[in-house]
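Listed in order, the protein sequences are those of chains F and W.
Numbers 28 to 343, taken from the working numbering, label the letters of the first sequence in order.
Numbers 2 to 232, taken from the working numbering, label the letters of the second sequence in order.
Have a look at the structure below before the remarks.
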Amino acid sequence: MFELLFFSLLNGVVTGLLLFMLASGLTLIFSMMGVLNFAHASFYMLGAYFAYTISTYVGFWPGLILAPILVGLVGAVVERYGLRHVHRWGHVAELIFTFGLAFLIEEVVQFIWGKDTKAYQEPEVLQFALFNFFGQDFPAYKAFMLLISISIFVVLLLILTKSRIGLIIQAAITHPNMTAMLGHNVPLVFMGVFGVGAALAGVAGVIAGPALGTFPGMAVVLGPIVFVIVVVGGLGSLVGAFVASLLIGLLQTFAIALDYSVNDLLMLFNITTDADSALRDLWTLSLPQIAPLLPYLLLVLILIFRPTGLFGKRET
Amino acid sequence: MLEVNDLHAYYGKSHILQGVTFNVQEGEIVSLLGRNGVGRSTTIKSIMGEVAPQGSVKFRGEEIAGLKEHEVANRGLGYVPENRDVFPGLTVRQNLLLGIKNMKDQGRWKMDDMFDMFPNLGRRADVNAGVLSGGEQQMLTMCRTLMGDPDLIMIDEPTEGLAPKIVEQVGDLLSEIAKRGVSILLVEQKLAIALKISHRLYVMGHGHMVYEGTPDELKANEQIRKEWLEV
Numbered sequence: 028m029f030e031l032l033f034f035s036l037l038n039g040v041v042t043g044l045l046l047f048m049l050a051s052g053l054t055l056i057f058s059m060m061g062v063l064n065f066a067h068a069s070f071y072m073l074g075a076y077f078a079y080t081i082s083t084y085v086g087f088w089p090g091l092i093l094a095p096i097l098v099g100l101v102g103a104v105v106e107r108y109g110l111r112h113v114h115r116w117g118h119v120a121e122l123i124f125t126f127g128l129a130f131l132i133e134e135v136v137q138f139i140w141g142k143d144t145k146a147y148q149e150p151e152v153l154q155f156a157l158f159n160f161f162g163q164d165f166p167a168y169k170a171f172m173l174l175i176s177i178s179i180f181v182v183l184l185l186i187l188t189k190s191r192i193g194l195i196i197q198a199a200i201t202h203p204n205m206t207a208m209l210g211h212n213v214p215l216v217f218m219g220v221f222g223v224g225a226a227l228a229g230v231a232g233v234i235a236g237p238a239l240g241t242f243p244g245m246a247v248v249l250g251p252i253v254f255v256i257v258v259v260g261g262l263g264s265l266v267g268a269f270v271a272s273l274l275i276g277l278l279q280t281f282a283i284a285l286d287y288s289v290n291d292l293l294m295l296f297n298i299t300t301d302a303d304s305a306l307r308d309l310w311t312l313s314l315p316q317i318a319p320l321l322p323y324l325l326l327v328l329i330l331i332f333r334p335t336g337l338f339g340k341r342e343t
Numbered sequence: 002m003l004e005v006n007d008l009h010a011y012y013g014k015s016h017i018l019q020g021v022t023f024n025v026q027e028g029e030i031v032s033l034l035g036r037n038g039v040g041r042s043t044t045i046k047s048i049m050g051e052v053a054p055q056g057s058v059k060f061r062g063e064e065i066a067g068l069k070e071h072e073v074a075n076r077g078l079g080y081v082p083e084n085r086d087v088f089p090g091l092t093v094r095q096n097l098l099l100g101i102k103n104m105k106d107q108g109r110w111k112m113d114d115m116f117d118m119f120p121n122l123g124r125r126a127d128v129n130a131g132v133l134s135g136g137e138q139q140m141l142t143m144c145r146t147l148m149g150d151p152d153l154i155m156i157d158e159p160t161e162g163l164a165p166k167i168v169e170q171v172g173d174l175l176s177e178i179a180k181r182g183v184s185i186l187l188v189e190q191k192l193a194i195a196l197k198i199s200h201r202l203y204v205m206g207h208g209h210m211v212y213e214g215t216p217d218e219l220k221a222n223e224q225i226r227k228e229w230l231e232v
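Here it is in structure tokens:
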């Protein structure tokens, strides 16, 4: 039991930090523009595909650097020549724009790389078990994912809280007009944050591609979960995104790992159920079966009982 | 230094500025007077590019109408808004740092100057600006703009809602600003402070200038004061 908890905890943290890389960019972009970027998970997918292509020529490591830069550039171009023009027509137009962009990116990905899963793999140097605990291996690649995610979180936090550009970003997020009147190029800051947000999603794609699979549906798989995180954490709150990412990561991992059913729960209270009962399917319903539902259940509960999210200030 | 010619501005279909013409010379303190709603704040916002202007705005001979806010600011124009727009989640020190345009050459004003002039800001340098009193926030907003070393500073209603003692401090700061060679365009409703410190005054009514003169001339012109200034 202990090793199950230990590995679930580790896997939950790995998943949570990976989700944070996506959620941090999304929540920063929302803070600035007041609009949810539906295409955010598409940048994550682009990161994986760019890295896959680069890796076929020069290997995994150059892809880890180059792919996020390319995704960041795509993000900056989208902001500069797309969103900035659509902005004048209001938030609904922006939402529809990002929604359409998500479909466009998915179609382009299928057009260029096809519909099958790509053989994008972790580098050979990381294909070993980092340690063995109670007979179970912990892959070195997962530790690498953990390391990259934590490093990015620390760097992001340092930039936002300790640097001049971080100060300008913080000011521009809440008071864009006043920040511009002090001589700061706010549109450039917005483009930069959008680009960096996209690049962060790209990094997540690069490192998640080999672990979770590189296929055209990967954005659709992760996208909704990232929105859940941003809403649960509180729209626009970086701390909230961090806490909610870990919460959802752990929730998902533990729900899959702990194989308990409603029957088991009832047994605790000495309640036995009839195996031939019409409700048999309900009694045998297990935690792993409902695991995919849990984040959305949490979303609904948060929206009902705390619409601002755990750490947010604005209502969703 | 600043030449505004036939400036027009609109909010939706409302024609707010209807041909505003005035100028501010090097080292001058010029006040823009008038009742609420005549377009004084809109005039400043149009110069800064926050409201889209039509007409001509020249700063040091260069046409700046239509430039973006940060481009106008970087040409040497500073703006202190009426609503004391401090960044509430950032500290006093961080607010002041954000005012600096060029970290290598800060120009006329250093952070210590601000703390010398307003010891309260110095004492609360690491406190979030959102918890300062109204007067302290007003000082901070003015000091933050000064940190960008503007050649002309446009200040919108700096004494609005302040206690008489703080109004006096604002007056002292305006004099200090002028002493360091910065021109001032002051939007004020309080006639007393404008008459005391200004070199020239303009009176606005219905979206354009209705009077221009020196403080002594305005003091002597009861008709203008009654028609356009007194409530």
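Glycine residues also receive a C-beta, built at the ideal position from the N, C-alpha and C atoms.
Computed from a predicted structure; not experimentally measured.
Consult DSSP for residue i and reduce its assignment to one of helix, strand or coil.
i	result
SER392/F	Residue 392/F lies beyond the stretch modelled for chain F, which goes from 28 to 343, so this question has no answer here.
THR144/F	coil
PHE88/W	coil
GLU133/F	helix
HIS114/F	helix
SER272/F	helix
ASN37/W	coil
ILE154/W	strand
VAL52/W	coil
ILE329/F	helix
VAL25/W	strand
GLU342/F	Any answer about GLU342/F is weak, because its pLDDT of 49 lies below 50 and its placement is not dependable; what the coordinates show is given next. It is coil, neither helix nor strand.
SER32/W	strand
ASN121/W	helix
GLU231/W	coil
ASN345/F	Any answer about residue 345/F is impossible in this case: the structure gives chain F only from 28 up to 343.
ALA156/F	strand
GLU63/W	strand
Can you tell me where the alpha helix (DSSP H) with residue i in it begins and where it stops?
i	result
SER35/F	29-60
ASP117/W	112-118
MET344/F	There is no way to answer for residue 344/F, as the model of chain F reaches only from 28 to 343.
LYS46/W	41-49
ALA78/F	67-85
ASP106/W	Taken as a continuous stretch (DSSP letters only), ASP106/W belongs to no alpha helix (DSSP H), as it is neither H nor E.
GLY162/W	Note, GLY162/W: premise wrong, no alpha helix (DSSP H); not H, not E.
ASP308/F	307-310
GLY136/W	135-147
ASP7/W	From DSSP, ASP7/W is part of no alpha helix (DSSP H) but of the beta strand (DSSP E) over 3-12.
ASP286/F	Where ASP286/F is concerned, there is no enclosing alpha helix (DSSP H), given that its DSSP letter is neither H nor E.
VAL73/W	70-75
GLU106/F	Looking at the DSSP string, GLU106/F is not in any alpha helix (DSSP H), and its letter there is neither H nor E.
GLU218/W	216-221
LYS197/W	192-198
Spatial neighbours of residue i within its chain, please: C-beta separation below 8 Å, excluding the five flanking residues on both sides.
i	result
SER184/W	MET2, LEU3, VAL25, GLN26, GLU27, GLY28, GLU29, ILE30, VAL31, ASP152, LEU153, ILE154
ARG94/W	MET112, ALA126, ASP127
PHE338/F	GLY260, GLY261, SER264, VAL266, GLY267, VAL270
GLU64/W	SER57, VAL58
Near residue i, which residues of its chain fall below 6 Å by C-beta distance, leaving aside the five closest residues on each side in sequence?
i	result
ILE242/W	Because chain W here runs from 2 to 232, residue 242/W falls outside it and cannot be looked at.
GLU1/W	For chain W, the structure presents residues 2 to 232; residue 1/W sits outside this window and is missing.
LEU55/F	VAL220, GLY224
LEU163/W	GLY136
VAL98/F	PHE70, LEU73, GLY74, ALA225, ALA226, GLY229
Note the first and the last residue of the continuous beta strand (DSSP E) segment covering residue i.
i	result
MET205/W	201-206
VAL188/W	184-188
ASP164/F	163-166
LEU78/W	78-81
Once the 5 residues before and after residue i are set aside, which same chain residues still bring their CB inside 7 Å of it?
i	result
ASP157/W	SER42, ILE45, VAL81, PRO82, GLU83, VAL188
PRO95/F	GLY74, ALA226, GLY229, VAL230, VAL233
LEU93/F	ILE81
LEU314/F	ALA282, LEU285, ASP286, TYR287
LEU309/F	VAL289
Counting Cβ pairs closer than 8 Å, one from the region 113-132 of chain W and one from the region 72-81 of chain W, do we hit at least three?
No contact exists between the region 113-132 of chain W and the region 72-81 of chain W.
Pairs of beta-carbons, one from the region 120-135 of chain F and one from the region 62-73 of chain F, closer than 8 Å: are there three or more?
Yes, since at least three Cβ pairs between the region 120-135 of chain F and the region 62-73 of chain F fall closer than 8 Å, the two stretches touch.
Counting only runs that start and end within the region 178-265 of chain F, where is the alpha helix (DSSP H) found for 4 or more residues in a row?
Fully enclosed alpha helix (DSSP H) runs of no fewer than 4 residues occupy 191-201, 203-208, 213-239, 245-260 of the region 178-265 of chain F, in order along the chain.
Would you call the region 292-301 of chain F and the region 48-63 of chain F touching, i.e. three or more CB-CB distances under 8 Å?
Using a C-beta cut-off of 8 Å, the region 292-301 of chain F makes no contact with the region 48-63 of chain F, since fewer than three inter-stretch Cβ pairs fall below that distance.
Just checking, does the region 54-70 of chain W make contact with the region 199-219 of chain W on the three C-beta pairs under 8 Å criterion?
By the C-beta criterion, the region 54-70 of chain W is judged not to be in contact with the region 199-219 of chain W, since fewer than 3 inter-stretch pairs fall below 8 Å.
Take every Cβ of the region 104-117 of chain F, pair it with every Cβ of the region 216-224 of chain F, and state whether three or more of those distances are shorter than 8 Å.
The region 104-117 of chain F is in contact with the region 216-224 of chain F.
Please determine if the region 99-112 of chain W and the region 141-150 of chain W are in contact, where contact requires at least 3 C-beta pairs separated by less than 8 Å.
With contact defined as three or more Cβ pairs closer than 8 Å, the region 99-112 of chain W and the region 141-150 of chain W are in contact.
Are the region 84-91 of chain W and the region 196-206 of chain F touching by the rule of at least three beta carbon pairs closer than 8 Å?
Contact between the region 84-91 of chain W and the region 196-206 of chain F is present, because at least three Cβ pairs lie under 8 Å.
Examine the Cβ distances between the region 321-331 of chain F and the region 10-20 of chain W and report whether three or more of them are shorter than 8 Å.
Result no; under three Cβ-Cβ pairs closer than 8 Å.
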